Amino acid sequence: MKGFTRLSAIAAPLMRANIDTDIVIPISRMIGNSVRGTVGKWAFTALRYRPDGSENPEFVLNRAPYRDAEILITGPNFGCGSSREPAVWAIQEMGIKAIIGSGFGDIFYNNCFQNGVLPVVLDPQTVQAIAEEVEETQGTGKVTVDLEACQVVTPSGRTVKFTVEPRRRTGLLEGLDEIGATLRRDTEIRAFQQRDREERPWIYRPGSDS
Amino acid sequence: MTAPQTMFAKIWNSHVIAEIGDGTALIHVDRHILHDLGGSRALLDVKERKLAVHDPELTFATIDHTVSSAPGRKGTIPSGIELMKALRTETAAAGIRLFDIDQPGQGIVHVVGPELGITLPGALLVCGDSHTCTHGGVGALAFGVGWSELAHVIATQTLYQRRPRTMRVLFEGRPAPGVTPKDLILALIGTVGTDGGTGYAVEYAGSAIRDMSVEGRLTVCNLSVELGAKMGLIAPDEKTYAYLEGRPYSPKGAMWLRAVDAWRALPSDDDAAFDREVVIDVTKIAPQITWGTSPEHVVAVDGRTPDPAAIADPDRRKAVQNALDYMGLAGNAPIAGTPVDWVFIGSCTNSRLSDLQAAAAIVRGRKVASRVRAWVVPGSENVKRDAEAEGLDRVFVEAGFEWREPGCSMCLASNGEQLAPGQRSVSTSNRNFVGRQGPRARTHLASPAMAAAAAIAGAITDVRALEDGR
Ligand code: SF4
Chain A
63 MKGFTRLSAI AAPLMRANID TDIVIPISRM IGNSVRGTVG KWAFTALRYR PDGSENPEFV
123 LNRAPYRDAE ILITGPNFGC GSSREPAVWA IQEMGIKAII GSGFGDIFYN NCFQNGVLPV
183 VLDPQTVQAI AEEVEETQGT GKVTVDLEAC QVVTPSGRTV KFTVEPRRRT GLLEGLDEIG
243 ATLRRDTEIR AFQQRDREER PWIYRPGSDS
Chain E
224 MTAPQTMFAK IWNSHVIAEI GDGTALIHVD RHILHDLGGS RALLDVKERK LAVHDPELTF
284 ATIDHTVSSA PGRKGTIPSG IELMKALRTE TAAAGIRLFD IDQPGQGIVH VVGPELGITL
344 PGALLVCGDS HTCTHGGVGA LAFGVGWSEL AHVIATQTLY QRRPRTMRVL FEGRPAPGVT
404 PKDLILALIG TVGTDGGTGY AVEYAGSAIR DMSVEGRLTV CNLSVELGAK MGLIAPDEKT
464 YAYLEGRPYS PKGAMWLRAV DAWRALPSDD DAAFDREVVI DVTKIAPQIT WGTSPEHVVA
524 VDGRTPDPAA IADPDRRKAV QNALDYMGLA GNAPIAGTPV DWVFIGSCTN SRLSDLQAAA
584 AIVRGRKVAS RVRAWVVPGS ENVKRDAEAE GLDRVFVEAG FEWREPGCSM CLASNGEQLA
644 PGQRSVSTSN RNFVGRQGPR ARTHLASPAM AAAAAIAGAI TDVRALEDGR
């Protein structure tokens with residue numbers, strides 16, 4: 063996984079509430095074992111394209127300069143719904159590396175970290191204010207997201223702090239291999255299982271009578 | 224004396240392998256169920272890293288998302304066939320039990336887990352699907368994970384998880400006739416909103432939950448994620464034990480007695496504190512139906528769509544107007560009487576035997592309206608066989624429903640099992656999102672009885688009118 067440290071980039075406000083992962087990537091575009099790398103063009107299909115397949119000019123990521131955005135500013139509860147990880151891939155394949163919002167669907171939030179995308183949670187007023195600042199510059203004012211300093215710098219130069227769990231922060235900064243790290247504790251895991259097997263044997267032998 | 228504990232805390236604490244700081248723990252996964260959509264990808268990931276499956280006997284697999292529900296499974300798309308083949312090969316190689324098509328055990332992952340006794344009280348269960356919260360209906364701590372996490376679980380039988388806060392929802396009172404578990408949970412979502420449970424593990428309790436069947440409890444827990452909560456759970460009781468006893472993967476004999484003994488200690492202690500508590504008076508709830516594009520867009524069937532003009536906040540007004548426009552509905556209008564094109568009875572929310580019985584009770588001796596196409600998709604092969612043994616399939620077919628093979632089907636519009644653009648459905652599933660049942664499809668969520676009533680009337684209808692006089 064590629065890490066994330068610091069990024070100064072165009073940020074696109076997509077402020078509609080409750081954008082679910084079905085909107086981010088429709089099921090019909092994500093079935094298969096090798097869809098990774100193919101889903102970006104289907105991201106936000108229902109918002110991004112008209113029924114005839116042409117681009118909907120109303121959609122923010124279809125407009126300059128937001129087309130080149132690497133940061134997405136989102137409304138409340140972004141990424142709610144289905145656990146589908148291709149939702150993160152689709153956004154990532156559009157070039158987005160960080161998402162600023164007031165709250166995210168739990169599984170989506172987690173999936174972002176697993177794929178090197180940084181989700182930043184700020185209070186709703188702050189998110190709204192950043193979106194407005196961006197719009198005042200017609201999108202040209204860059205936003206900086208700095209994971210080392212845990213801060214966002216708005217187009218006008220205002221600094222806003224954010225928090226992220228230390229484990230996730232280190233994981234992203236260093237691009238850690240989580241499975242490898244966990245397997246280094248395998249003795250501990252197996253010791254837990256051995257103790258637990260005495261306590262709850264029915265868990266370890268499904269359907270058995272002894 | 225130890226401090227009173229919630230059921231959530233008891234289960235959580237007994238699964239912590241290591242605290243790794245900041246409220247996050249490495250926790251043990253007791254049960255992992257894979258399905259066709261992400262299962263083979265995760266197994267392949269693990270294989271490519273040259274790692275082994277940590278505990279194949281704690282891992283199960285079924286086929287649901289991408290398989291066609293047409294008779295004979297005709298029409299499964301090539302990429303779906305590819306996923307199923309890969310799941311067969313990879314589970315066989317790893318020694319993981321797969322419930323394949325036409326075998327008892329195949330079906331929607333959240334229907335088959337409890338039905339087979341794979342899901343047990345006090346167990347920690349994960350699956351790469353957000354509706355894994357369903358399994359909390361029998362007292363498991365169950366939640367959905369992402370696909371990268373699947374590989375982590377396969378290779379380590381553990382997961383990193385931040386401890387959620389706790390919320391208790393008390394459903395008190397006796398529901399009026401025609402009001403089902405689905406109506407209770409939709410009404411709750413309408414009250415607290417689709418992010419009202421974000422960051423919480425939600426325990427449902429109260430007299431209405433105690434009185435409810437186990438299958439009804441699974442329906443309630445199923446929609447936890449639609450209020451933002453990854454986990455929803457209900458204390459196990461005698462009904463739970465009666466439901467689980469004798470299921471293929473439930474403990475047997477002396478082991479069963481020992482397990483039940485342990486499970487009796489699981490319910491929240493009397494004075495346990497929750498971070499948030501919500502009380503719902505179920506006597507005030509009428510049959511529910513969604514009008515918009517989020518499960519929180521819900522009204523009583525005798526109610527009206529919201530009036531955007533009456534909403535002061537401009538963002539909210541716009542959001543409501545957008546949803547009404549998408550749904551092709553006027554504001555401040557009665558929802559009943561809206562003509563429908565499709566009725567779908569199925570999905571992990573409402574495709575168990577009791578759901579099909581409830582729908583059949585409305586349908587029996589009546590005909591589906593000529594404008595409506597209506598499907599019943601049983602949640603599992605076992606549900607299908609049990610329903611057929613009771614003759615429910617004939618009740619539906621004689622009324623004009625199609626009786627199909629178990630799977631997710633129209634719930635997520637795979638295999639082209641979807642509405643045409645602009646068409647309207649009443650669906651017993653859990654998501655009425657934009658495009659969920661096909662591009663520009665319009666979905667109204669409701670209970671199986673309400674869906675059956677809509678099929679008969681050809682329009683959204685108060686089921687109580689059809690129940691009267693029976
Ligand atoms: S029935 Fe629908 S909600 Fe349930 S697991 Fe299948 S696709 Fe998901």
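Going down the list, the sequences are from chains A and E.
Note that our numbering has the first sequence beginning at 63, numbered continuously upward.
Note that our numbering has the second sequence beginning at 224, numbered continuously upward.
All C-beta atoms, glycine included, are put in the ideal place defined by N, C-alpha and C.
Note that this is a predicted model, so its numbers are computed, not measured.
Remark: the shortest separation between the CB of V179 of chain A and any heavy atom of the ligand SF4 does not fall under 7 Å.
Here S652 of chain E is buried, its C-beta having at least 16 other C-beta atoms within 10 Å. The closest CA to that of L382 of chain E, considering only E:I243, E:P400, E:I568, is found on E:I243. Within chain E, I240, H251 have C-beta atoms less than 7 Å from the C-beta of F254 of chain A, given in sequence order.
Taking a beta-carbon distance threshold of 8 Å, I300 of chain E counts as an interface residue toward chain A.
At least one CB atom of chain E sits nearer than 8 Å to the CB of C142 of chain A. E449 of chain E sits close to I412 of chain E, with the two beta carbons spaced by under 8 Å. Short note on H354 of chain E: C-beta closer than 7 Å to some heavy atom of the ligand SF4. One alpha carbon belongs to S436 of chain E, the other to D538 of chain E, and they sit about 41 Å apart. With respect to chain E, the C-beta atom of D258 of chain A has a partner C-beta closer than 8 Å. A distance below 8 Å separates the beta carbons of A284 of chain E and R320 of chain E. For Q380 of chain E, the secondary structure class from DSSP, reduced to helix, strand or coil, is coil. For the segment 467–488 of chain E, residues whose beta-carbon sits nearer than 9 Å to a beta-carbon of chain A comprise R470, P471, Y472, S473, P474, K475, G476, A477, M478, W479, R481, A482, A485. Taken through DSSP and simplified to helix, strand or coil, G515 of chain E comes out as coil. Residues of the segment 80–92 of chain A whose Cβ lies closer than 8 Å to any Cβ of chain E, in chain order: N80, D82, D84, I85, P88, I89, S90. Under the three-state reduction of DSSP output, S164 of chain A falls in the coil class, being neither helix nor strand. In this chain, the beta strand (DSSP E) harbouring D208 of chain A covers 205–208. V290 of chain E sits in coil when the DSSP states are folded into three classes, being neither helix nor strand.
Boundaries of the alpha helix (DSSP H) harbouring M673 of chain E: 671–680, taken from the DSSP string. The three-state reading of DSSP puts C350 of chain E in strand, counting E and B together. Nearest to W479 of chain E by C-alpha distance, out of E:A399, E:Y464, E:K590, is E:Y464. Per DSSP, the beta bridge partners of Q213 of chain A are A:D208, A:K223. At a C-beta separation below 7 Å, P228 of chain A has these neighbours in chain E: G244, D245. Only exposed fits T232 of chain A, as fewer than 16 other CB atoms lie within 10 angstroms of its CB. Taken from the Cβ of H255 of chain E, every heavy atom of the ligand SF4 lies 7 Å or farther away. Separation of the CB atoms of L642 of chain E and A664 of chain E is rounded to 4 Å, and the pair is thereby assigned contact status at 8 Å. Residue contact check for G163 of chain A against chain E: no CB pair falls below 8 Å.
Ranked by Cα distance from P662 of chain E, the options E:A688, E:A682, E:M633 are led by E:M633. Counting C-beta pairs with one atom in each stretch, the segment 354–372 of chain E and the segment 441–458 of chain E have three or more that are closer than 8 Å, which means they touch. For L450 of chain E, the three-state secondary structure derived from DSSP is helix. In chain order, L274, A378, T379 make up the part of chain E whose C-beta sits under 8 Å from the C-beta of L245 of chain A. Under DSSP, E500 of chain E forms a beta bridge with E:R391. Residue pairing from DSSP places Y423 of chain E in a beta bridge opposite E:R388. Only those residues of the segment 106–123 of chain A whose C-beta falls short of 9 Å from the nearest C-beta of chain E are listed: T107, A108, L109, P113. The ligand SF4 approaches D287 of chain E closely enough that one of its heavy atoms is under 7 Å from the residue's Cβ. For S70 of chain A, the closest alpha carbon among the candidates A:E210, A:L180, A:V215, A:L235 is that of A:V215.
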